[in-house]
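Yeah, the sequence shown ends on 401 if you go by the UniProt record's numbering, and it's all consecutive.
From the three backbone atoms N, C-alpha and C, an ideal C-beta is built for every residue, glycine too.
Written below as structure tokens is the structure these notes are about.
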Amino acid sequence: MSVQTQDGAVTFKESQDNQSSQLGLMSFAHFLNDGSANYLPGILPAILLALHEPPAMAGVLMAALLIGQALQPFTGIWADRVGGRLIFIIGLIGSSLGGALLGFSHYLWLLILFLLVIGVGNAMFHPQALAIVRSTVSKKRQGLGLSAFLVGGELGRGIFPMLTSWIVVSLGLVNLWLLAIPTLLTVPLLLRYSPRLPAQHVRAHRINWRLHRKPMSYLVSFASLRSLITYGVVTFIPVLWHARGGNLVVGASIITTVLVVGIVGNLLGGHLADRYGRRPLLIFSSALSAVIVPLLAVASGPLLWILAGLLGISLFSSVPVTVLVGQDIFPENRSLGSGMALGLANGIGALLVLGIGVLIGVIGVSGIMLFIGILGLIATGIAVVMPRSMTHHEFGSSAHA
């Protein structure tokens with residue numbers, strides 16, 4: 001992106017400043033969207049208590065919240081076709097308003113309806129926003145630029161559970177509507193200053209599904225298991241903490257620790273992948289996560305918080321890498337690639353959380369955490385056997401292995 005002076009000369013510093021400002025605005029929008037769309041685990045014990053539902057219902061509610069993300073491949077195709085920026089802005093509004101209405105859901109069916117609204121809004125936000133961010137930053141710094149954008153989302157996912165738990169304890173569930181105010185103030189800025197995505201002709205870039213099928217299956221399998229680990233931890237750790245007599249705010253703070261410290265993983269992941277390659281990072285991060293999850297269920301004291309932070313770093317270090325791989329698999333439709341790497345994988349992860357949630361009555365929450373750790377080892381195996389061509393930076397311009 002370039003900026004010209006009055007005499008027509010391009011000023012590099014102004015161009016860089018404009019790029020940074022746009023990236024900052026997009027990151028703040030990501031903060032608001034992901035905060036609104038992911039604070040449910042922090043207040044889940046209170047909601048289950050208010051609706052007189054058993055702990056096993058936690059998996060059902062999280063699945064209702066997250067299943068909409070499986071729509072991201074379709075919203076990604078739509079976003080690339082029409083271009084612009086309206087799709088991600090409408091998605092942000094949907095996520096925020098849906099989250100604000102959770103406090104008024106006095107019936108289970110109404111709660112699930114609002115959770116589905118959040119999920120659809122979230123699915124509309126991410127593909128277009130991710131493609132816009134990638135088109136905004138320079139090619140050599142795409143990993144770091146994407147990491148910076150993802151930091152906004154992780155801050156929202158980390159801070160909002162603790163913030164909403166404080167609101168519920170201090171002001172009551174009905175005052176969750178306060179969380180929509182920042183979004184309503186930010187939308188006019190996005191409509192004026194956020195970058196636009198150029199539209200594509202329907203016939204300009206036909207998607208070669210047969211060519212992409214093999215690398216896509218590896219990527220979605222790995223990312224789905226990572227999503228299961230993430231959502232499993234943020235869903236069941238607060239329930240486990242509450243069952244042991246812990247405070248609601250402290251239980252939410254464990255989630256905050258995982259997600260906020262995970263920002264370090266986001267930044268390190270993008271930087272290390274740019275410097276040393278994507279493949280080693282995927283293997284190491286998934287293996288470390290698989291080891292930490294079972295330990296987190298039995299830890300206490302300072303060790304609990306240390307493990308929570310390390311888990312956040314290991315989980316989120318691979319997120320920018322898988323997004324870049326997804327976009328490189330689909331160079332003709334990068335929004336679709338983002339949707340595959342995040343949305344479809346998150347939707348599958350949500351279904352897996354629903355599936356393992358029914359096992360609580362059989363093996364308990366601690367047993368669930370051990371089971372999640374085993375699935376993390378399977379994710380490590382997928383990263384090991386993943387075709388090497390998938391993790392090359394030039395993958396998008398080469399034939400798939």
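Helix, strand or coil at residue i according to DSSP, with G and I counted as helix
i	result
G301	coil
L197	strand
G98	helix
G172	coil
G376	helix
G270	helix
R277	In the sequence as presented, Arg is not what sits at residue 277; that position holds Gly. It is coil, neither helix nor strand.
G381	helix
G309	helix
G84	strand
V261	helix
E53	coil
S386	Note on residue identity: the sequence assigns Met, not Ser, to residue 386. Reduced to three states, the DSSP call for M386 is coil.
H106	coil
P331	coil
G246	coil
N208	coil
V358	coil
S20	helix
Y218	helix
Classification of residue i by the beta-carbon crowding that lies within 10 angstroms, buried from 16 upward
i	result
V355	What sits at residue 355 in the sequence shown is Gly, not Val. Per the 10 Å Cβ criterion, exposed.
R278	buried
Y276	exposed
N247	exposed
G361	exposed
R226	buried
H106	exposed
L184	exposed
P73	buried
H242	buried
F104	exposed
V82	exposed
V298	exposed
S314	buried
Under 8 Å between C-beta atoms of residue i and residue j
i	j	result
F149	H271	no
A63	A287	no
Q19	T136	yes
S194	R334	no
N266	F316	yes
M340	M216	yes
G119	L66	yes
L44	P238	yes
G99	A50	no
A383	L282	yes
P188	G269	no
P293	I229	Reading off the sequence, residue 293 comes out as Val, not Pro. Going by C-beta atoms, V293 is nearer than 8 Å to I229.
V133	M57	no
A79	Q128	yes
V353	L240	no
S95	F125	yes
Nearest-angstrom beta carbon gap, residue j and residue i [assumed within contact, 8 Å]
i	j	result
L324	G145	With 8 Å as the limit, L324 and G145 do not qualify as a contact, their Cβ atoms being about 10 Å apart.
L111	L97	The pair is not a contact, with the Cβ atoms about 15 Å apart (cut-off 8 Å).
L61	L92	In fact, because the Cβ distance is near 22 Å, the residues do not count as touching under 8 Å.
F330	H212	6 Å
G312	L259	6 Å
G343	A70	6 Å
N346	G156	Contact flag wrong, Cβ pair sits at about 15 Å.
CB contact below 8 Å: residue i versus chain D
i	result
S170	The structure shown contains no chain D; it holds only a single protein chain.
Contact between the stretch 361-380 and the stretch 159-168 (3+ Cβ pairs under 8 Å): no
At least 3 beta-carbon pairs within less than 8 Å: the stretch 252-259 vs the stretch 233-243: yes
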